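Beneath this line is the structure, given in structure tokens, with notes to follow.
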Amino acid sequence: MLDNLQLLFVWAPILNVQVILEGIFVGAVFALSAYGLALVWGVMNIKNLAQGDFVIMGGYMALALSQANVPLPLILLIVVATMFVYGWVIYIGMIRRIIDQDMFVSLLATFGLSLLMQQVMNLIFGPEVKIIDLHMVNWDFFGNMVTVPSSKVLSLFLAAAIAFSVVLFMKKSRTGQAIRATAQDPRAARVLGINTDRIYAITFAFNSALCGAAGVLVAIIWVIQPFYGVTYSVRSFAIVTAAGLGNLPGVIGAAFGIGLVEKYTGMIIGTAYEVAAPVSMLVLVLIWRQYSMRRNRQVLR
Amino acid sequence: MKLKALALATGAAALAVSVAGTALAKVEGDTIILGSSISLTGKYATNGLHTQRGYDYAVKVINEAGGVKVGGKSYKLAVKYYDDESTPARGAQLAERLIQQDGVEYMLGPYSSGMTKAIAPVSEKFGVPMVEAEGASRSLFTQGYKYLFAVLSTSEQYLSTAIDLAAAERKKNFKSPSEVRVAMAFEGDPFSMDVRAGVVDKINEYGMKIIIDDQLPADLSDMSTTLTKVKALRPDILVISGHSKGAATAARQIDEMKVNVPMIALTHCEAAKVQEKFPNASTGFLCPTQWVETLSKSDAMFGSAAEWNEGFKADNPSYTSVPYQSAQASAAVYVFKEAFEAANSFDKDALRDAIAAVEMETFYGDIKFSEAGNNIAKPMFMRQIGADGSYSLVETFADMSYPRNVTY
Numbered sequence: 002m003l004d005n006l007q008l009l010f011v012w013a014p015i016l017n018v019q020v021i022l023e024g025i026f027v028g029a030v031f032a033l034s035a036y037g038l039a040l041v042w043g044v045m046n047i048k049n050l051a052q053g054d055f056v057i058m059g060g061y062m063a064l065a066l067s068q069a070n071v072p073l074p075l076i077l078l079i080v081v082a083t084m085f086v087y088g089w090v091i092y093i094g095m096i097r098r099i100i101d102q103d104m105f106v107s108l109l110a111t112f113g114l115s116l117l118m119q120q121v122m123n124l125i126f127g128p129e130v131k132i133i134d135l136h137m138v139n140w141d142f143f144g145n146m147v148t149v150p151s152s153k154v155l156s157l158f159l160a161a162a163i164a165f166s167v168v169l170f171m172k173k174s175r176t177g178q179a180i181r182a183t184a185q186d187p188r189a190a191r192v193l194g195i196n197t198d199r200i201y202a203i204t205f206a207f208n209s210a211l212c213g214a215a216g217v218l219v220a221i222i223w224v225i226q227p228f229y230g231v232t233y234s235v236r237s238f239a240i241v242t243a244a245g246l247g248n249l250p251g252v253i254g255a256a257f258g259i260g261l262v263e264k265y266t267g268m269i270i271g272t273a274y275e276v277a278a279p280v281s282m283l284v285l286v287l288i289w290r291q292y293s294m295r296r297n298r299q300v301l302r
Numbered sequence: 009m010k011l012k013a014l015a016l017a018t019g020a021a022a023l024a025v026s027v028a029g030t031a032l033a034k035v036e037g038d039t040i041i042l043g044s045s046i047s048l049t050g051k052y053a054t055n056g057l058h059t060q061r062g063y064d065y066a067v068k069v070i071n072e073a074g075g076v077k078v079g080g081k082s083y084k085l086a087v088k089y090y091d092d093e094s095t096p097a098r099g100a101q102l103a104e105r106l107i108q109q110d111g112v113e114y115m116l117g118p119y120s121s122g123m124t125k126a127i128a129p130v131s132e133k134f135g136v137p138m139v140e141a142e143g144a145s146r147s148l149f150t151q152g153y154k155y156l157f158a159v160l161s162t163s164e165q166y167l168s169t170a171i172d173l174a175a176a177e178r179k180k181n182f183k184s185p186s187e188v189r190v191a192m193a194f195e196g197d198p199f200s201m202d203v204r205a206g207v208v209d210k211i212n213e214y215g216m217k218i219i220i221d222d223q224l225p226a227d228l229s230d231m232s233t234t235l236t237k238v239k240a241l242r243p244d245i246l247v248i249s250g251h252s253k254g255a256a257t258a259a260r261q262i263d264e265m266k267v268n269v270p271m272i273a274l275t276h277c278e279a280a281k282v283q284e285k286f287p288n289a290s291t292g293f294l295c296p297t298q299w300v301e302t303l304s305k306s307d308a309m310f311g312s313a314a315e316w317n318e319g320f321k322a323d324n325p326s327y328t329s330v331p332y333q334s335a336q337a338s339a340a341v342y343v344f345k346e347a348f349e350a351a352n353s354f355d356k357d358a359l360r361d362a363i364a365a366v367e368m369e370t371f372y373g374d375i376k377f378s379e380a381g382n383n384i385a386k387p388m389f390m391r392q393i394g395a396d397g398s399y400s401l402v403e404t405f406a407d408m409s410y411p412r413n414v415t416y
């Protein structure tokens with residue numbers, strides 16, 4: 002470990018650039034799926050354990066489309082639209098019935114959904130890891146010390162564009178306002194004439210579409226496999242818990258933060274501990290919050 | 009009275025038939041049932057399927073050639089499969105179900121050392137001989153199992169040949185092998201850890217230095233941090249083992265990050281099809297293999313290695329290059345056939361002794377089991393991927409192209 006620290010900060014500080022870039026690329030993709038989870042959790046109080054599987058499903062859809070030689074922008078549009086419809090169907094079929102129930106019901110139900118999706122994808126696509134190879138150029142800088150695949154840069158831009166359009170949608174459109182209103186107080190929203198059931202459907206479908214978009218990016222820059230969804234679910238939960246619900250800038254910041262922590266942990270301690278990093282950070286954040294909110298707690302004696 | 013007698017007689021007959029039925033469940037009619045709990049879903053599913061196809065192909069060829077002759081009669085082979093979902097606990101459950109409920113008395117092994125480790129105690133407990141073809145961990149053969157036999161070479165041999173080649177390169181240039189600097193990345197599963205143990209043994213033998221020793225996580229999709237260190241520290245040889253997904257991820261990121269190490273050796277290249285998916289980056293990769301289709305071994309049932317290869321591809325057209333997992337699976341079924349005929353009986357203990365005494369040349373290589381059950385007659389082969397995506401056998405350092413210098 003000391004060797005790795007020395008490597009990073011004494012012998013080849015240029016490597017920091019590589020690690021930071023990797024962290025940012027990772028964080029951008031996580032930010033998308035985390036924001037979807039934050040929406041669903043904030044608006045409907047559903048903890049969607051199938052989040053990662055929605056991502057992988059989007060990835061497989063993109064894979065199938067790319068094998069049919071559909072151009073990338075069109076792939077993104079088709080996947081987003083199809084996943085939106087899929088999310089709506091899941092909402093009507095399943096989520097609607099568990100909205101008012103307690104936490105464990107939503108966890109169990111979405112866990113079951115996750116298992117179902119994993120196995121169906123495994124049946125259809127098989128268990129090998131797959132990628133979409135766009136054959137894009139890989140740039141290198143600083144004498145091959147820092148390599149940047151242009152596909153990752155593309156994915157960063159796409160993630161930023163999608164996040165930007167989501168922010169615009171939530172701030173400016175009527176539906177976005179309705180969603181935020183429902184999140185604040187469903188009963189008041191209903192009194193004011195908002196069809197909360199429809200808003201819940203839109204929110205869940207929106208989450209599904211966001212995950213689908215994240216899935217397209219994942220398929221391009223990493224690998225997809227039917228059983229890898231859990232990685233994204235865990236990271237999304239960690240990010241949302243750290244950032245708080247419905248707070249998009251917070252989610253983006255936390256996502257990048259977790260991405261960076263992951264990559265630095267991997268570099269300094271070892272690749273095996275990369276997965277431990279976001280979860281440990283989550284624990285630290287929760288402890289810190291517990292401590293800092295001490296004064297706000299009152300005890301009835 | 010007559011009715012009562014008739015009822016009694018019918019009842020007794022039914023009882024006799026049912027008892028006889030379960031006693032002969034392992035042989036139904038003229039079919040010998042072999043049982044197998046195998047990974048059709050989950051993280052080992054890729055190779056589980058390769059294995060299943062190997063078993064099925066062998067069963068087909070043997071049946072078409074007249075089946076298995078026991079007691080003067082010809083029997084067909086059939087395999088009863090259950091999906092163990094790549095979960096050891098499930099595999100053990102299913103093995104017990106095969107043996108206790110389904111009455112199976114002869115088992116074919118699962119995929120991966122982890123699964124075999126879970127199932128071996130079960131077959132051992134019931135005295136059911138198991139011939140496995142996909143569990144290479146050497147720790148399987150230190151437990152004193154009497155009913156476990158493996159046709160493949162054990163795991164610690166997989167990448168140690170690569171270390172030998174690195175040492176040979178140094179010696180050729182009149183330098184000491186202890187100058188070699190090794191970078192390693194292994195997944196944390198039993199097989200990869202055994203491969204690592206074999207590599208570390210060799211490294212210690214030569215006195216080489218380990219400069220990177222990373223353990224890869226189970227859901228591996230990104231090893232960029234390991235490769236960043238590799239680029240910075242410039243090792244002489246890079247050794248990776250993480251099953252098919254490790255090979256696929258490594259090849260892809262080596263391509264993306266433009267990594268150039270003079271020697272790169274990794275396991276599961278063929279199973280992950282790296283020569284197809286990353287033709288440029290995979291140039292120069294050293295891949296261990298249990299079996300090569302150009303092997304000069306043959307047998308009466310499948311012909312030469314090349315003939316087995318052609319026959320298998322004809323039956324499974326999606327394969328351009330057949331992974332050795334399928335070849336060794338076929339060899340395991342062949343061992344059963346030979347053992348049945350040698351024992352000339354269905355008794356599982358007689359069969360076990362017959363298997364232990366097997367000494368045969370097959371298209372897969374020579375098979376002879378040690379006291380512990382592993383195959384001591386077959387070595388591990390190293391192959392190198394050329395610029396055209398073809399695999400060529402590397403028996404000595406002179407056979408390989410060195411150093412690996414790929415332009416990205």
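Just so you know, the sequences run in chain order A and B.
For reference, each letter of the first sequence is one residue, going 2 to 302 in the working numbering.
For reference, each letter of the second sequence is one residue, going 9 to 416 in the working numbering.
We treat Cβ as the ideally placed atom computed from N, Cα and C, and that holds for glycine.
Just so it is clear, the structure is predicted and the values come from calculations on it, not from any experiment.
Closest residue to residue i among the options (Cα-Cα distance)
i      : options                        : result
B/M428 : B/Y342, B/G292, B/T302, B/T291 : It is not possible to answer for residue 428 of chain B, since the shown part of chain B is limited to 9 through 416.
B/A364 : B/L294, B/W316, B/A350, B/S229 : B/A350
A/E129 : B/D357, B/H276, B/Q298, B/G397 : B/H276
B/A97  : B/A158, B/P129, B/V76, B/G74   : B/P129
A/Y92  : A/L77, A/A202, A/E263          : A/A202
A/A161 : A/A190, A/W12, A/L218, A/G88   : A/L218
B/G117 : B/Q151, B/S334, B/D202, B/N288 : B/S334
B/A340 : B/S186, B/E367, B/S200, B/I248 : B/E367
B/D38  : B/F354, B/A406, B/T415, B/V414 : B/F354
A/E263 : A/N5, A/V18, A/G28             : A/G28
A/A220 : A/Q185, A/L135, A/V286         : A/L135
Inter-residue CB distance, residue i and residue j (contact presumed, cutoff 8 Å)
i      : j      : result
A/I152 : A/M137 : Residue 152 of chain A is actually Ser in this sequence, not Ile. That pair is a contact at about 5 Å.
A/M45  : A/T204 : 6 Å
A/L9   : A/M268 : 6 Å
B/P185 : B/A175 : 4 Å
Residue interval of the beta strand (DSSP E) (run including residue i)
i      : result
A/D141 : 139-142
B/Y399 : 399-402
B/Y83  : 81-91
B/V136 : Neither: B/V136 is in no beta strand (DSSP E) and is coded neither H nor E.
Same chain only: Cβ atoms within 6 Å of residue i, ignoring 5 sequence neighbours per side
i      : result
A/F143 : I15
A/M84  : G59, S209, A210, G213
A/K131 : L64, I225
A/D141 : T148
A/S237 : S34, A35, L38, Q52
B/A205 : E164
B/K386 : S161, G373, D374
B/M408 : Q392, V402
Chain-order list of residues whose beta-carbon lies under 7 Å from that of residue i (same chain, five-residue window excluded)
i      : result
A/L246 : A39, W42, G43
A/R295 : none
A/F308 : It is not possible to answer for residue 308 of chain A, since the shown part of chain A is limited to 2 through 302.
A/T266 : Y274, E275, A278
B/Y119 : I46, S47, Y52, N55, G56, T59, E142
B/L248 : With the sequence shown as reference, residue 248 of chain B is identified as Ile, and Leu is not the correct amino acid for it. Taken in chain order, the residues that qualify are A193, G254, A258, L274.
Range covered by the alpha helix (DSSP H) that runs through residue i
i      : result
B/L246 : Unbroken run through B/L246 is the beta strand (DSSP E), 245-249; no alpha helix (DSSP H).
B/F199 : 198-214
B/D172 : 168-180
A/M171 : 151-173
B/V267 : From DSSP, B/V267 is part of no alpha helix (DSSP H); its letter is neither H nor E.
B/K125 : 121-133
B/P96  : 96-104
With 7 Å as the limit, tell me which residues of the stretch 252-276 of chain A have their beta carbon closer than that to any beta carbon of chain B; keep them in chain order. Answer set for the stretch 252-276 of chain A: K264, G267, M268, G271, T272, A273, E275, V276.
Compile a chain-ordered list of the residues in the stretch 256-267 of chain B whose CB is closer than 8 Å to at least one CB of chain A. The stretch 256-267 of chain B vs chain A, Cβ under 8 Å: A256, T257, R260, D263, E264, M265, K266.
Mind checking the stretch 214-233 of chain B against chain A and listing, in chain order, the residues whose C-beta falls within less than 7 Å of any C-beta there? Under the 7 Å Cβ criterion, the stretch 214-233 of chain B contributes D222, Q223, L224, P225, D227, S229, D230, M231, S232, T233.
Proximal residues, the stretch 241-254 of chain B versus chain A, C-beta separation under 9 Å: Listed in sequence order: L241, S252, K253.
Contacting positions in the stretch 52-73 of chain B - beta carbon closer than 7 Å to chain A: Within the stretch 52-73 of chain B, the residues whose Cβ lies closer than 7 Å to some Cβ of chain A are A53, T54, listed in chain order.
Give the residues from the stretch 9-42 of chain A that approach chain B closer than 8 Å (Cβ to any Cβ), ordered along the chain. Along the stretch 9-42 of chain A, the positions whose C-beta sits under 8 Å from a C-beta of chain B are W12, A13, L16, Q19, V20, E23, V27, read in chain order.
Contact set between the stretch 127-148 of chain A and chain B, restricted to residues whose Cβ is under 8 Å from the partner: For the stretch 127-148 of chain A, the set of positions with a beta-carbon nearer than 8 Å to some beta-carbon of chain B reads G127, P128, E129, V130, I132, D134, N139, D141, N145, M146, T148 in chain order.
For the stretch 41-71 of chain A, which residues have a CB atom closer than 9 Å to at least one CB atom of chain B, in sequence order? Listed by position along the chain: nothing, the set is empty.
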